[in-house]
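Trainee: Start counting the sequence shown at 683; every next residue gets the next number (our numbering).
Let me begin by handing over the structure; questions about it come next.
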Amino acid sequence: MSEQKLLEVLDCSVSYGPIQALNGVSLSVKQGEIVALLGANGAGKTTLLQTMSGLLRPTSGQVIYQGTDITGMEAEKIVEKHLIHVPEHRQIFSTMTVLDNLYLGAYHHRKTTNKQAIEENIKRVFKLFPILSDRKDQMGGTMSGGQQQMLAIARGMMAEPDLLLLDEPTLGLAPLIAKDVLELVGNLRKQFGTTILLIEQNLHASLKVADRGYVISHGEIIKSGSSSELLNDPEVKEAYLGHTVH
C-alpha cells in the first residue's frame, strides 16, 4: 500500500449560521486505503464529506486532493478529478432503468472516455454486482433498498473514481444486507484498486473492512487509529455510542 496521501483535510471548520458543525477537523487518506469515518448521528460525518466533495465551503481550513488545493472548488470540477461522492439515502433516479442510472454515472467523463471504454466499465460493474446485470432494464425505484444501494455505488464506480466517498451505505438496511454491502465495499478495492473513505455508524462492521479509522463527535475528531485499535478501545465505544458497551 502506498504511503502517498491522496486526500488531506487540514483544520477544516464549517458553520451553518450560528451552529458550528465542524471544528478544526484534520484527516488523511493514503492511496489504496479503506478508511472509516465513524460517529453517531449528527456528529458531523456528512458535513465533512460534503466539504470534501465541494457541496459545502468551509469557513476555514483546506482540502488537498492529489496535491492540489480543492477547497471551495465547484462540485462538478471535483468530479472531473475523479473524486466521487456517493451520498446517503442512495439518491438514484427511481424512474430510470438500472442501465440508464449507470450511464449517468459516466456523464462527466463523456468527453474524455470513448463509448467502448464506458461499455467495458459497465461489464466490470456488472461482474461485481451481478444482480444489477439481471435487472438492468428494471426501474431503479422498484428495487429493494439493498439493490438500490448497490446501484448507487455502481453508478459512482462508473465515474472511475480514484477516491470514492461513501456516505452511510448501510443506512436503513437489514443487518444481513448491510453485511453484504460492506463486503462489496471491500471488493471494490480488490477488483478496481479504489481508495475509499467510508462513513458509517456501524462501528464493528465498517472496521472489519477498513484499514484504519477516525471517530468524530460534535464536529471534532476525538480518536484515530488502526481498525483493531479502535475496536478494542473502550473510550471509542463510549464516545461513539454515548454509553459503555460490553
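C-beta: ideal position from N, C-alpha, C; glycine also.
1. Do the CB positions of I878 and L912 come within less than 8 Å of each other?
2. Would H771 be called buried (16 or more neighbouring beta carbons within 10 Å of its own) or exposed?
3. Below 8 Å, how does it come out for the segment 810 to 818 and the segment 829 to 842: are there three or more Cβ pairs, yes or no?
4. Just list the residues that DSSP pairs K905 with in beta bridges.
5. Kindly indicate which three-state DSSP category T779 falls into: helix, strand or coil?
6. Taking the Cβ atom as the reference point for each residue, do A841 and G875 lie within a distance shorter than 8 Å?
7. Measuring alpha carbon to alpha carbon, tell me which of S826, F775, H900 ends up nearest S697.
8. Could you check the C-alpha separation between P851 and G699 for me, to the nearest Å?
9. Classify A799: buried if its beta carbon has 16 or more other beta carbons within 10 angstroms, exposed otherwise.
10. Per DSSP, K712 is paired with what?
11. Just to confirm before moving on: does the CB-CB distance between G822 and V780 stay below 8 Å?
12. Ignore the nearest five residues each way along the sequence and tell me which others in L889's own chain have a CB closer than 7 Å to its CB.
13. Alpha carbon to alpha carbon, how far is P843 from P769? Give it in angstroms, no decimals.
14. So, for S710: in the same chain, excluding its five sequence neighbours on each side, which residues have a beta-carbon less than 7 Å away from its beta-carbon?
Mentor: For this structure:
1. Counting from 1 along the sequence shown, the entry for residue 878 is found at position 196. Counting from 1 along the sequence shown, the entry for residue 912 is found at position 230. Contact: no.
2. What you label residue 771 is simply residue 89 of the sequence shown in a count that begins at 1. Exposed, by the Cβ-count rule.
3. Using a Cβ-Cβ distance cut-off of 8 Å, the segment 810 to 818 and the segment 829 to 842 are in contact, since at least three pairs of beta carbons, one from each stretch, lie closer than that value.
4. In the sequence shown, residue 905 corresponds to position 223, counting from 1. V897.
5. Your numbering for residue 779 matches position 97 in the sequence shown. For T779, the secondary structure class from DSSP, reduced to helix, strand or coil, is strand.
6. Position 159 of the sequence shown, counting from 1, holds the residue named residue 841. Position 193 of the sequence shown, counting from 1, holds the residue named residue 875. No, the Cβ-Cβ distance between A841 and G875 is not below 8 Å.
7. Numbered from its first residue, the sequence shown carries residue 697 at position 15. Comparing Cα-Cα distances from S697 to each of S826, F775, H900, the minimum goes to H900.
8. Working through the sequence shown from its first residue, we reach residue 851 at position 169. Working through the sequence shown from its first residue, we reach residue 699 at position 17. Using only the alpha carbons, I get a separation of about 28 Å.
9. Taking the first residue of the sequence shown as 1, we reach residue 799 at position 117. Under this definition A799 is an exposed residue.
10. Here residue 712 refers to the residue found at position 30 when the sequence shown is read from its first residue. K712 pairs with K687.
11. Residue numbering aside, residue 822 sits at position 140 when the sequence shown is read from its first letter. Residue numbering aside, residue 780 sits at position 98 when the sequence shown is read from its first letter. A Cβ-Cβ contact shorter than 8 Å links G822 with V780.
12. Against the sequence shown, residue 889 aligns to sequence position 207. Here the set comprises A718, G895, S909, L912, L913.
13. Within the sequence shown, the letter at position 87 stands for residue 769. Within the sequence shown, the letter at position 161 stands for residue 843. For P769 and P843, the distance between alpha carbons rounds to 14 Å.
14. The residue given as residue 710 occupies position 28 in the sequence shown. Excluding sequence neighbours, S710 sits near K687, L689, E690.
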